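Asker:
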Amino acid sequence: ITRTAAASLLTLSMLPAQAAVWELDSAESIVIFKYSYEGTPYEGQFGNVSAVFDIDPLKPSACKFEVTIPIDGINVDSPETLDYLLDLEMFDVDQWPTATFKAEKCSLDSLNSFTSEGMLTIRDQTHPISFPFKLDIESCDGQVCFHLTSEVTVQRLDFGVGQGYWANTATIPNDVGIEIDVYAVQK
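So the sequence shown is numbered by this note's numbering: it starts at 177 and just counts up by one.
1) What whole-angstrom Cβ distance do F241 and A279 have, given they're in contact under 8 Å?
2) Give the single residue among F309, G338 and G340 whose Cα lies nearest to the Cα of P236.
3) For Y359, count neighbouring C-beta atoms within 10 Å of its own C-beta (all shown protein chains included) and say buried if the count is 16 or more, exposed if not.
4) When you compare the stretch 242-258 with the stretch 210-227, are there three or more beta-carbon pairs, one atom per stretch, that lie closer than 8 Å?
5) Just mark L311 as buried or exposed, buried being the case when its beta carbon has 16 or more other beta carbons within 10 Å.
6) By the DSSP assignment, the beta strand (DSSP E) with E256 in it spans what residues?
7) Check whether the stretch 244-258 and the stretch 325-333 touch, using three or more Cβ-Cβ pairs below 8 Å as the test.
8) Judging by CA-CA distance, which residue of S306, S202 and F267 is the nearest neighbour of D285?
9) In the DSSP assignment, what are the bridge partners of C316?
10) Using beta-carbon positions only, say whether L272 and R299 come within less than 7 Å of one another.
11) Between G340, L333, I231 and V352, which lies nearest to C321 when the distance is taken from Cα to Cα?
12) Return the first residue and the last residue of the beta strand (DSSP E) that A227 is part of.
13) Which residue's Cα is closest to the Cα of Y260: G340, F277, A196 and H303?
14) From D268 to L262, what distance separates their C-alpha atoms?
15) Short check: CB of I250 to CB of E355, under 7 Å?
16) Taking the continuous beta strand (DSSP E) assigned at V358, which residues delimit it?
17) Return the chain-ordered list of same chain residues with a C-beta closer than 8 Å to the C-beta of Q319, the five sequence neighbours on each side being excluded.
Here is the structure:
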């Protein structure tokens, strides 16, 4: 048995014997989106994300995720860009103030790599999405927590983000990268 595998097994043995409910620690968590505009890369951050995870790493098929992303919590470098993102032709925050991701099952891909199958809703569009993630059990201020990281690409036009002029994929490509680096503590 390798040292890494032994450490992982020891860490898993510290977990509750059954599924536990975990809540996102928003102060320690980051959700970034990456896109390009006329070939120049940009990124922003979704702030104030909230999430509850019901997951037992020893029995991942029974996991449940509920993630809420307040669209008005977007942080970008330019006030003008923020105005465009929140406007009618992009996220239309006045009509659809949140995006959500809900998953009802996960599969174990390797020792600490999983995939959840769920539904992503942005604006008035809901589509299935496979969400691969790495889950590490750590200690956060003396208590057991989990550290979830992931990178996923979504097609913004599938969710109605980019209408009128902004539907032009020559200006803003359809692919938007999402990078997740979050911590959760047991409720």
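Backbone N, C-alpha and C define an ideal beta-carbon position, used for all residues, glycine too.
Note that this is a predicted model, so its numbers are computed, not measured.
Answerer: Considering the structure as presented:
1) Residue numbering aside, residue 241 sits at position 65 when the sequence shown is read from its first letter. Residue numbering aside, residue 279 sits at position 103 when the sequence shown is read from its first letter. The Cβ separation is near 4 Å, so the contact holds.
2) Translated into positions along the sequence shown, residue 236 becomes position 60. Comparing Cα positions, the closest option is F309.
3) The residue labelled residue 359 in the question sits at position 183 within the sequence shown. Y359 counts as buried, since no fewer than 16 other beta carbons sit within 10 angstroms of its beta carbon.
4) yes
5) Position 135 of the sequence shown holds residue 311. Looking at its Cβ environment, which holds 16 or more other Cβ atoms inside 10 Å, L311 is buried.
6) Position 80 of the sequence shown, counted from the first residue, corresponds to residue 256. No beta strand (DSSP E) holds E256; the alpha helix (DSSP H) holding it covers P255 to L262.
7) Touching, no.
8) For the purposes of this step, residue 285 is taken as the residue at position 109 of the sequence shown. It is S306.
9) As a position in the sequence shown, residue 316 is number 140, starting the count at 1. Per DSSP, the beta bridge partners of C316 are Q319.
10) Position 96 of the sequence shown, counted from the start, is the residue given in the question as residue 272. Position 123 of the sequence shown, counted from the start, is the residue given in the question as residue 299. It is Trp, not Leu, that sits at residue 272 in the sequence shown. Contact: yes.
11) Along the sequence shown, one-based indexing puts residue 321 at 145. Considering only alpha carbons, the answer is I231.
12) Indexing the sequence shown from 1 puts residue 227 at position 51. Segment S226 to I231, the beta strand (DSSP E) holding A227.
13) Stepping through the sequence shown from its first residue, residue 260 is reached at position 84. Looking at the Cα atoms, G340 is the closest of the given residues.
14) Position 92 of the sequence shown, counting from 1, holds the residue named residue 268. Position 86 of the sequence shown, counting from 1, holds the residue named residue 262. Rounded to whole angstroms, the separation of the alpha carbons of L262 and D268 is 5 Å.
15) What you label residue 250 is simply residue 74 of the sequence shown in a count that begins at 1. What you label residue 355 is simply residue 179 of the sequence shown in a count that begins at 1. No, the pair does not count as a contact, with Cβ atoms beyond the cut-off.
16) On the sequence shown, position 182 is the one that residue 358 refers to. Element bounds for V358: D351 to Q362.
17) As a first step, residue 319 is located in the sequence shown; it is residue number 143 there, counting from the start. Excluding residues within five positions, the ones whose Cβ falls inside 8 Å are V361 and Q362.
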